[in-house]
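Input: a single structure, listed below in C-alpha cells.
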Amino acid sequence: MRRWLLILIVVALLAAGGWAWGSPYLAVRSIERAAEARDAEALSARVDYPALRKSMKTQLRARFASGDDGALGALVATGIADSIVDAAITPEGIRAIFATGVAEAARERRPVDLDARDMTLRRDALDRFRLVRRDGKGGALLFGLRGLQWKLVGIELPPERKGR
-3 MRRWLLILIV
7 VALLAAGGWA
17 WGSPYLAVRS
27 IERAAEARDA
37 EALSARVDYP
47 ALRKSMKTQL
57 RARFASGDDG
67 ALGALVATGI
77 ADSIVDAAIT
87 PEGIRAIFAT
97 GVAEAARERR
107 PVDLDARDMT
117 LRRDALDRFR
127 LVRRDGKGGA
137 LLFGLRGLQW
147 KLVGIELPPE
157 RKGR
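Residue numbers for the sequence shown follow the numbering used here, so the first one is -3 and each next one is one higher.
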C-alpha cells in the first residue's frame, strides 16, 4: 500500500513539473494559432486586457512625463497616451504581434515593434514568464498565471530611441 502511495506521489510530482515547464510554451503556441486563424474570441481568452492596458498606460505616462514639455504638455500627453493604448490594445492589435501571416503587412500599423516569432521565452517566476527579443534590443511580452491559464498581462516597451 505504501509503495502505491509513493508511486502516486512521484507521478503527481512529475505531472506537475511537466505542466509547469511546458504550459508556457503551449500558451504561446495557442495564442499564435488563434492570431493566425483570426479567432478574436480565442485570442481574447488569453489576454488580460485591463492589466495589459494598465501596464502600457503606466509606461507611456512615464515616458511622456519625462519630456521637456512642462506640466501642461505632460497632461496633454497623458490623455493622448491613454487614447493610443485604448485604441491599440485590441484583439486586432494583439493579433498583429502574434500572427505570422500578417506580421509583415501589419508592421507599419503595429502598436509596438514586437514580433513573437523573433522572441524567446524567459521565466521570471513560477507564475510569470516573458517573451524577450532575441536581438537584445529590449521589449518583452509579459505573461501571468490567472487560475490555471497563462494570459498576456503586459508589454514592456523597448527603450526609447536616441535622437528623436
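Note that beta-carbon positions come from the ideal geometry of N, C-alpha and C, so glycine has one too.
Sequence-distant residues of its chain with Cβ nearer than 6 angstroms to residue i (five each side left out)
{"i": "A23", "result": "W146"}
{"i": "S196", "result": "Any answer about residue 196 is impossible in this case: the structure gives the chain only from -3 up to 160."}
{"i": "L141", "result": "D123"}
{"i": "Q55", "result": "L153"}
Spatial distance of residue i from residue j (CA atoms)
{"i": "R91", "j": "D82", "result": "15 angstroms"}
{"i": "A41", "j": "R(-2)", "result": "42 angstroms"}
{"i": "A168", "j": "V128", "result": "Outside the displayed span of the chain (-3 to 160) sits residue 168, for which this structure offers no information."}
{"i": "W15", "j": "R124", "result": "14 angstroms"}
{"i": "E156", "j": "I93", "result": "19 angstroms"}
{"i": "A11", "j": "I27", "result": "23 angstroms"}
{"i": "L153", "j": "I3", "result": "46 angstroms"}
{"i": "R25", "j": "L148", "result": "13 angstroms"}
{"i": "T86", "j": "P46", "result": "11 angstroms"}
{"i": "R126", "j": "A33", "result": "23 angstroms"}
{"i": "D44", "j": "A84", "result": "14 angstroms"}
{"i": "A121", "j": "S19", "result": "13 angstroms"}
{"i": "G13", "j": "V6", "result": "10 angstroms"}
Enclosing alpha helix (DSSP H) for residue i [first to last residue]
{"i": "L52", "result": "A small correction: the amino acid at residue 52 is Met; Leu does not occupy that position in the sequence shown. Residues 45 to 61."}
{"i": "E28", "result": "-2 to 32"}
{"i": "L39", "result": "36 to 41"}
Other residues of its chain near residue i: CB distance less than 8 angstroms, five sequence neighbours each side excluded
{"i": "R130", "result": "D114, M115, T116"}
The beta strand (DSSP E) enclosing residue i, as first and last residue numbers
{"i": "I85", "result": "No beta strand (DSSP E) holds I85; DSSP gives it neither H nor E."}
{"i": "S152", "result": "Reading off the sequence, residue 152 comes out as Glu, not Ser. Start and end: 145 to 152."}
{"i": "D120", "result": "115 to 121"}
{"i": "R130", "result": "That residue, R130, is in no beta strand (DSSP E); it is neither H nor E in DSSP."}
Below-8 angstroms beta-carbon distance, residue i vs any chain D residue
{"i": "F139", "result": "No chain D appears in the structure shown, which is made up of a single protein chain."}
Same chain only: Cβ atoms within 7 angstroms of residue i, ignoring 5 sequence neighbours per side
{"i": "R162", "result": "The structure shown does not extend to residue 162, since the chain is modelled only from -3 through 160, so no value can be given for it."}
{"i": "A36", "result": "P87"}
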